[in-house]
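Chemist:
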Amino acid sequence: MTVVTYEPAGEIGYIIVNNPPVNALSAAVRKGLADAVAAFTADAAQVAVLYCEGRTFIAGADISEFGKPPVEPFLPDVIDAIESSAKPIVAALHGTVLGGGLEVALGAHARVAVAGTKVGLPEVTLGLMPGAGGTQRLPRAIGVEKAAEVITSGRQLGADEAVAMGILDAVADGDARGVGTAEARQWLTRAPRRLSELPVPTIDTAALDALRAKVRNAARGQVAQPRALEAMIEGLTMPFAEGMKHERKAFMDLMRTPERAALIHAFFAERASGTVPAGVTPRKFDRVGIIGGGTMGQGIAASALNAGLDVTLIERDQAAADKAAAAIGKMQDGAVKRGKLAQADRDAMMTHRFRTATDYAALSDVDLVIEAVFENMEVKQDVFRELDRVCRPGAVLATNTSYLDVNQIAQATSRPADVIGLHFFSPANVMRLLEIIIADATAQDVLATAFALAKKMGKIAVPSGVCEGFIGNRILSAYRTAADYAILDGASPYQVDRAVTGFGFPMGPYQVGDLAGLDIGYATRQRKAATRDPRERVPVFADRLAEAGRLGRKTGRGDYIYDDQSPKGRPDPELEPMVAEVRAELGVTPREFTDDEIRDRYMAAMVNESARILDEQIAAKPSDIDAVLLHGYGFPRHKGGPMHWADAYGLDRIVANIREYAKADAYAWQLSPLLERLADTGGKFADLNGGKK
Ligand code: 3HC
Ligand code: NAI
30 MTVVTYEPAG
40 EIGYIIVNNP
50 PVNALSAAVR
60 KGLADAVAAF
70 TADAAQVAVL
80 YCEGRTFIAG
90 ADISEFGKPP
100 VEPFLPDVID
110 AIESSAKPIV
120 AALHGTVLGG
130 GLEVALGAHA
140 RVAVAGTKVG
150 LPEVTLGLMP
160 GAGGTQRLPR
170 AIGVEKAAEV
180 ITSGRQLGAD
190 EAVAMGILDA
200 VADGDARGVG
210 TAEARQWLTR
220 APRRLSELPV
230 PTIDTAALDA
240 LRAKVRNAAR
250 GQVAQPRALE
260 AMIEGLTMPF
270 AEGMKHERKA
280 FMDLMRTPER
290 AALIHAFFAE
300 RASGTVPAGV
310 TPRKFDRVGI
320 IGGGTMGQGI
330 AASALNAGLD
340 VTLIERDQAA
350 ADKAAAAIGK
360 MQDGAVKRGK
370 LAQADRDAMM
380 THRFRTATDY
390 AALSDVDLVI
400 EAVFENMEVK
410 QDVFRELDRV
420 CRPGAVLATN
430 TSYLDVNQIA
440 QATSRPADVI
450 GLHFFSPANV
460 MRLLEIIIAD
470 ATAQDVLATA
480 FALAKKMGKI
490 AVPSGVCEGF
500 IGNRILSAYR
510 TAADYAILDG
520 ASPYQVDRAV
530 TGFGFPMGPY
540 QVGDLAGLDI
550 GYATRQRKAA
560 TRDPRERVPV
570 FADRLAEAGR
580 LGRKTGRGDY
590 IYDDQSPKGR
600 PDPELEPMVA
610 EVRAELGVTP
620 REFTDDEIRD
630 RYMAAMVNES
640 ARILDEQIAA
650 KPSDIDAVLL
660 HGYGFPRHKG
670 GPMHWADAYG
680 LDRIVANIRE
690 YAKADAYAWQ
700 LSPLLERLAD
710 TGGKFADLNG
720 GKK
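Have a look at this one:
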């Protein structure tokens, strides 16, 4: 297939890129662009329009080539050929013009965009920086400070903002070819205007330190952002060609960092998880019923409405239904305030596509139901019995349970093939993760429907088998337990939170516990008490907090104290003595922990449980586990997820640690056979991704 063509058409010629799905700058596209520029040079046309077929202008370098030996022609040289053209080249943009795509456009002599186009330099989000002139042409076009913000944030800008900043010349309605042709006519008698020839913008040295500090803070320990800033500034002190070489060197240095590998792993992991079974057609899901309008039901309803679906929400009585409707309305008001939703669309969706009811009969013709009632098997089975009675044949029946057995829930119906788990995360209208729980009898087209629904809602869907807590919550229980045991043995919750946030999680387990409410874990421990193995240690200190009514943020006190003085929480001086008392009762002699040891135990528990989940085929592949931890549990993206991190850290080191911990507590530290096998044979989790990440 020809990925770039040159089409002569009289006084205007067309350079057309066609490399689906996103016109990434593969070696063939780079070569094609260079050849097309040469063809334009040889042609009689006075101006060329460079535009793309398909859903977007070039969305960047071809990420799948990263980490492999570079192939000529290199992108900076291709862009140099575009910019050096003696006749003007107009870039006509649409879709998402990102990274190398925007750098190509900056090499052109004019930039026009179709309304709705977005532009940006997202390289830092992949642990990289612009490597084809972005740090040298952009500041010449818009000034150092604005360029620094665009480059180090990696954010996408709307076309209007990009015009106001001076990145684009104009926005117009129409298609890329039409918009580009109109602009090209203005250039028939004009000479090319090259950004590289603009004067170097002044650098306010006084403001530079503040800028550096700002970028470092926002980067939270990542290297790409500060490096991009420095490379830009240093390059601007040199002649343009030297600045370009300097930029390229910094780009290639970043290409070799573990952060780059981790961030690109994350990029592919989140795209490789939710594959619809081949040849299976999803069922219809335009009309959705939601049962329970509490925390989760409200968020799921908002998310479904935002996806354009019709929502009927069932609550136990009118008062609860009204409360849920008001809360959903408020969420949508928030979206209007943030400019994400037009007021008219908000009003239309709440009037025409949303209603509440207290009678399940209102669900008789919905296509898909999501149950989000209390986390209790009897209550959920009652709901599913009722759904079995009222729903039309073929309706998909889903549960949002966090831990319960979806097979058992399905058994309450006469149609277990239609039952599936859809485990949303809180707040469901914000969090992008959706675990899709496949029960024993779940039909393939029900699974396909769940994936299609996730796509429509903009979620990252990860399939999971049935087990207590599925992928994410089961792993969470394991590492949270490792943290609890460190406390029983001498660490403090504050030290654990410090060690975990030091690793890169936004919050430690005790900060998370206070946010979620300590009653949840307490109830789970109570439920399991009767069947607990006598060898399992119990975090008695956590029970004491819950029994004292210290349930976390909602009561103003949990592991931390929350008040006007410290809305985000401060250490509680009474906590340590209470934990010490528990240790004394249990006959534990406390010992010192370093932050590193706490981190190693936390991560070992996370990796070991993940390996167990793979052993049991609850997760289909390691990168699915990474996607879950990255998107549901705050795992630092620049470390790629626990499986990627484990490969980089060394499975042999993790196994050695676990064997050591097991000497003191063999029950808690049972080594996963898969992890042991991989470590012993020099294997990696990445080997199990099956070609896909
Ligand atoms: N290279 C290779 N493949 C890419 C790609 C890229 N730059 N961008 C997207 N793809 C692939 C995806 O992996 C996916 O493949 P799949 O269908 O096999 O899973 C397919 O294209 C479609 O991608 P999405 O599912 O993400 O499609 P969306 O429509 O949701 O999003 C997008 C499109 C906004 C372009 C999004 O894909 C994206 O953000 N891509 C990355 C853009 C980027 O970071 N560019 C900068 C690259 S670094 C660079 O340019 C360096 C330069 O300075 C030298
Ligand atoms: P919640 O207590 O906030 O809401 C439950 C709602 O269900 C209440 O409004 C209640 O009135 C309603 N309800 C109960 N029985 C009903 C019935 N028979 N018919 C109609 N409505 C009924 O609970 P929350 O937090 O929303 O949790 C709901 C489910 O989602 C649980 O299974 C929970 O495990 C799961 N979940 C919760 C998460 C969270 O962070 N809160 C995250 C992911 C899943």
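Counting with our numbering, you get residues 30 to 722 for the letters of the sequence shown. Positions of the beta carbon are idealized from the N, C-alpha and C atoms, including for glycine.
1) Using three-state DSSP, classify residue 765 as helix, strand or coil.
2) May I ask you to list the residues that DSSP assigns as paired with residue 20?
3) Distance, Cα to Cα, residue 721 vs residue 500?
4) For residue 422, is the classification buried or exposed, using 16 other Cβ atoms within 10 angstroms of its Cβ as the cut-off for buried?
5) Could you tell me the boundaries of the beta strand (DSSP E) in which residue 596 lies?
6) Would you grab the beta carbon distance between residue 122 and residue 86 for me? Rounded to a whole angstrom, and I think it's under 8 Å.
7) Give the straight-line distance between the Cα atoms of residue 708 and residue 673, rounded to the nearest whole angstrom.
8) Going by DSSP in three states, residue 232 sits in which element: helix, strand or coil?
9) For residue 660, is the beta carbon positioned less than 8 Å from some heavy atom of ligand 2?
10) Could you tell me the distance, in whole angstroms, from the CA atom of residue 326 to the CA atom of residue 157?
11) Compute the distance between the beta-carbons of residue 173 and residue 262, then report whether it is under 9 Å.
12) Leaving aside the five residues before and after residue 668 along the sequence, list all residues of the same chain whose C-beta is less than 7 Å from its C-beta, in chain order.
13) Buried or exposed, going by whether 16 or more other CB atoms sit within 10 Å of the CB of residue 543?
14) What residues are listed by DSSP as bridge partners for residue 147?
15) Taking the straight line between their C-alpha atoms, what separation do you get for residue 444 and residue 398?
16) Leaving out the 5 sequence neighbours to the left and right, which residues in its chain are closer than 8 Å to residue 562 when beta-carbon positions are compared?
17) Using only CA atoms, which one of 150, 469, 488, 342 lies nearest to residue 88?
18) Taking residue 318 as part of the alpha helix (DSSP H), name the residues at either end of that continuous run.
19) When burial is assigned at 16 or more other CB atoms within 10 Å of the CB, is residue 540 buried or exposed?
20) Since residue 81 sits in a beta bridge, which residues does DSSP pair it with?
21) Does the beta carbon of residue 491 fall short of 8 Å from some heavy atom of ligand 1?
22) Among the residues of its own chain, which have a CB less than 6 Å from the CB of residue 628, if the five just before and after it don't count?
23) Compute the distance between the beta-carbons of residue 152 and residue 253, then report whether it is under 9 Å.
24) Sort out for me which residues DSSP pairs residue 426 with in a bridge.
25) At a cut of 8 Å, does the stretch 95 to 104 reach the stretch 141 to 150 through at least three beta carbon pairs?
26) At a cut-off of 8 Å, is residue 462 close to ligand 1 when judged by its beta-carbon and the heavy atoms of the ligand?
27) Tell whether a beta-carbon distance below 9 Å holds between residue 110 and residue 71.
28) Only counting the same chain, and skipping five residues up and downstream in sequence, which positions put a Cβ closer than 6 Å to that of residue 564?
29) Among 379, 388, 431, whose alpha-carbon lies nearest the alpha-carbon of residue 403?
30) State yes or no: is the C-beta of residue 258 within less than 9 Å of the C-beta of residue 240?
31) What residue from 663, 469, 210, 715 has the CA that sits closest to residue 643's CA?
32) So, residue 463 versus residue 483, is the Cβ gap smaller than 9 Å?
33) Around the Cβ of residue 630, are there at least 16 other Cβ atoms within 10 angstroms (buried) or fewer (exposed)?
34) Which runs of the alpha helix (DSSP H) fall wholly inside the stretch 174 to 228 and span at least 4 residues, in chain order?
35) If you scan the stretch 333 to 358 from start to end, which runs of the beta strand (DSSP E) of 3 or more residues do you find wholly inside it?
36) Regarding residue 88 and ligand 1, is the C-beta to nearest heavy atom distance less than 8 Å?
Modeler: Quick look at the numbers:
1) Summary: the structure shown does not reach residue 765, with the chain confined to residues 30 through 722, and so no result is reported for it.
2) Since the first and last residues shown for the chain are 30 and 722, residue 20 lies out of range.
3) Residue placement at residue 721 is flagged as unreliable, the pLDDT there being 47, under the threshold of 50; the coordinate-derived value follows with that caveat. Whole-angstrom Cα-Cα distance: 19 Å.
4) exposed
5) 595 to 600
6) With 8 Å as the limit, residue 122 and residue 86 qualify as a contact, their Cβ atoms being about 5 Å apart.
7) 14 Å
8) coil
9) no
10) 39 Å
11) yes
12) 291, 533, 674
13) buried
14) 125, 187
15) 14 Å
16) 696
17) With respect to the C-alpha of residue 88, the residue from 150, 469, 488, 342 having the closest C-alpha is 150.
18) Here residue 318 belongs to no alpha helix (DSSP H); instead the beta strand (DSSP E) covers 316 to 320.
19) buried
20) 46
21) It does not: the Cβ of residue 491 is nowhere closer than 8 Å to a heavy atom of ligand 1.
22) 528, 532
23) yes
24) 398, 448
25) Taking a cut-off of 8 Å on C-beta distances, the stretch 95 to 104 does not touch the stretch 141 to 150, as fewer than three cross pairs fall below it.
26) no
27) Cβ atoms of residue 110 and residue 71: not closer than 9 Å.
28) 696
29) 431
30) yes
31) 715
32) Cβ atoms of residue 463 and residue 483: closer than 9 Å.
33) buried
34) 188 to 194, 205 to 215
35) 339 to 343
36) yes
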